[in-house]
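A short write-up of the structure that comes next.
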Ligand SMILES: Nc1ncnc2c1ncn2[C@@H]1O[C@H](COP(=O)(O)OP(=O)(O)OP(=O)(O)O)[C@@H](O)[C@H]1O
């Protein structure tokens, strides 16, 4: 496997003493370049903690996380922030946008803070992404003047501004209606087909069915995984059935 991201024996604990929570109990995971991996599991099983640990958004208690040859836990905060900004993209259930900026400025903001002062270039890049994601024309809208689906598309544009190698997505369709969720998932599949690896946390088997591989977490461990292969829309129902069977097998 041509690995882009790897976690070796990753441990994450929260709190101490009687309040100690073992959120990750020595997780091993490898994600290949350009792979689309979904993470499923019961509430509290460690899905978000895994995503935060593997993306360096949160420190780990033990083990190692590597993006390519870079061991994230060995980096100082500034270098880590730089890796996150230049090589990773993030999308969340609720896109965190700055309310005093319009959609365009929100999209180009992280790329601009990388030191690229060329606003015209950034605007062109943002325009291309906005076209690809179906929100061209909304550049000057306020973040309160667009729908939830449009805001999530803007969040995706922002995450793709620096052409990340991997996109981390925590329940990106959780706040959307089913039509918008479908559209966002089709978009993520396209982005993946263009070469960006994706690690996506979801509760929804239909969403996970679009991934190349599904990891199932329970009590802070990956207890099984389901290889599905590359997505083909014709197979969506059969893949959904496989995911459901995988969930049932681990008691989700
Ligand atoms: N900041 C924190 N402080 C203390 N405990 C935490 C913290 N964050 C997560 N936990 C605990 O770690 C465990 C794993 O949480 P995590 O959020 O990763 O689960 P999850 O599978 O993503 O859940 P959900 O599906 O409900 O979002 C849970 O027991 C949770 O209560």
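Residue numbers (the working numbering): 31 to 282.
The C-beta atom is built at its ideal place from N, Cα and C for all residues, glycine as well.
Any non-hydrogen atom of ligand 1 within 6 Å of residue i CB
i           : result
residue 78  : yes
residue 89  : no
residue 273 : no
residue 51  : yes
residue 44  : yes
residue 74  : yes
Distance CB(residue i)-CB(residue j) smaller than 7 Å
i           : j           : result
residue 170 : residue 132 : yes
residue 35  : residue 61  : yes
residue 214 : residue 182 : yes
residue 188 : residue 219 : no
residue 257 : residue 243 : yes
residue 137 : residue 156 : yes
residue 38  : residue 55  : no
residue 53  : residue 33  : no
residue 253 : residue 261 : no
residue 93  : residue 40  : yes
residue 231 : residue 201 : yes
residue 208 : residue 179 : no
residue 72  : residue 282 : yes
residue 259 : residue 190 : no
Neighbour-count burial assignment, residue i, 16 or more Cβ in a 10 Å radius
i           : result
residue 75  : buried
residue 154 : exposed
residue 51  : exposed
residue 269 : buried
residue 135 : buried
residue 108 : exposed
residue 114 : buried
residue 89  : exposed
residue 128 : exposed
residue 126 : exposed
residue 275 : exposed
residue 77  : buried
residue 44  : exposed
is_contact[residue i, chain B] using C-beta, thresh 7 Å
i           : result
residue 245 : Looking for chain B here will not work: only one protein chain is present.
Any non-hydrogen atom of ligand 3 closer than 6 Å to residue i Cβ
i           : result
residue 175 : The ligand content of the structure shown is limited to ligand 1, which means ligand 3 is not among them.
Cβ pair count under 8 Å reaching 3, the region 193-203 against the region 221-229 | Yes, since at least three Cβ pairs between the region 193-203 and the region 221-229 fall closer than 8 Å, the two stretches touch.
Validate contact between the region 234-248 and the region 54-74 using beta carbons, cut 8 Å, 3 pairs | Under the 8 Å Cβ criterion, the region 234-248 counts as touching the region 54-74, having at least three qualifying pairs.
Ordered list of alpha helix (DSSP H) runs contained in the region 137-210, each at least 4 residues | With a minimum length of 4 residues, the continuous alpha helix (DSSP H) runs that stay inside the region 137-210 are 149-162 and 178-190.
With a floor of 3 residues, list each beta strand (DSSP E) that falls wholly inside the region 230-255, ordered by position along the chain.
-> DSSP runs (the beta strand (DSSP E)) wholly in the region 230-255: 243-248.
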